[in-house]
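Numbering (the numbering used here), first residue to last: 6 to 177.
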């Protein structure tokens, strides 16, 4: 928003949608793991990917979207933000943002690897994906992240209209 450019403003508003969807999905995934395993400590988890394939896939999808990996929604919104910052003449700020995205990807992948892709921990052999009622919101969120990444115009049209209307009213 501080870039003062239309594309930066549009990207920031879009990012509220994309980040909120991805972060919400990650929280649902964490809740699913807790519900299924009755454990909250990451050090007590491991090897759940084969036993919780939907949960592990959606958690990976959410983490990659937040890190801004294409073709997910987080990439589209971050790209617009970075483009707005560059257009405003603040290349160093854009590079700091890019570095932040790389660090974000690192800690999400580290966490996902520890929870889902290490050797199965004792007592987790019976773990399984959560009930259907918990799976549906994960899948819907995942579909939204992919759709908005591939077709960002689904949200950008409405957001552009909002920016134009606000500008005409003297709010921008």
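The C-beta atom is built at its ideal place from N, Cα and C for all residues, glycine as well.
Option in the options with minimal Cα separation from residue i
i, options, result
"residue 121", "8, 101 and 64", "64"
"residue 106", "29, 74 and 41", "74"
"residue 155", "123, 79 and 140", "79"
"residue 53", "165, 118 and 137", "118"
"residue 153", "8, 92 and 19", "19"
"residue 139", "33, 7, 83 and 49", "33"
"residue 71", "48, 165, 147 and 166", "147"
"residue 61", "77, 92 and 113", "113"
"residue 43", "81, 68 and 128", "128"
Unbroken alpha helix (DSSP H) run spanning residue i, endpoints
i, result
"residue 132", "Note, residue 132: premise wrong, no alpha helix (DSSP H); not H, not E."
"residue 83", "78-92"
"residue 12", "11-42"
"residue 110", "96-121"
"residue 75", "Run containing residue 75: none; DSSP gives neither H nor E here."
"residue 54", "Here residue 54 belongs to no alpha helix (DSSP H), and DSSP marks it neither H nor E."
"residue 167", "158-173"
Whole-number beta carbon distance between residue j and residue i, since they are thought to touch under 8 Å
i, j, result
"residue 102", "residue 10", "14 Å between Cβ atoms; not a contact."
"residue 13", "residue 86", "6 Å"
"residue 47", "residue 109", "About 17 Å; that fails the 8 Å criterion."
Does the stretch 24-34 come within contact of the stretch 159-167, defined as at least 3 CB pairs closer than 8 Å? Verdict: no, contact absent.
Between the stretch 131-139 and the stretch 50-68, can you find at least three pairs of beta-carbon atoms closer than 8 Å? Output reads yes: the stretch 131-139 touches the stretch 50-68.
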